[in-house]
């Protein structure tokens with residue numbers, strides 16, 4: 932479902948401004964790579980809580 936929403940938002944942006952949509956399409960992998968260490972850090976920090984059952 933998230934993929935469909937992302938696609939629809941990108942198509943809306945492409946209809947509004949194609950160069951901006953293409954720039955977003957080219958920069959998205961870079962943004963994902965920059966956010967990856969923070970996602971890994973969050974997973975490591977929340978791992979003890981999940982193991983202790985605090986998420987239930």
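Residue numbers (the working numbering): 932 to 987. Backbone N, C-alpha and C fix where the C-beta goes; we use that ideal spot for every residue, glycine too. Note that the structure is a prediction, hence the values are computed from the model and not measured.
Cutting at 8 Å between CB atoms, please list the residues of its own chain near residue i, excluding the five before and the five after it.
i	result
residue 950	none
residue 955	941 and 944
Whose C-beta lies closer than 6 Å to the C-beta of residue i among residues of the same chain, with five residues either side of it excluded?
i	result
residue 945	952
Looking only at its chain, what residues have a beta carbon closer than 7 Å to the beta carbon of residue i, apart from the 5 residues adjacent to it on each side?
i	result
residue 981	none
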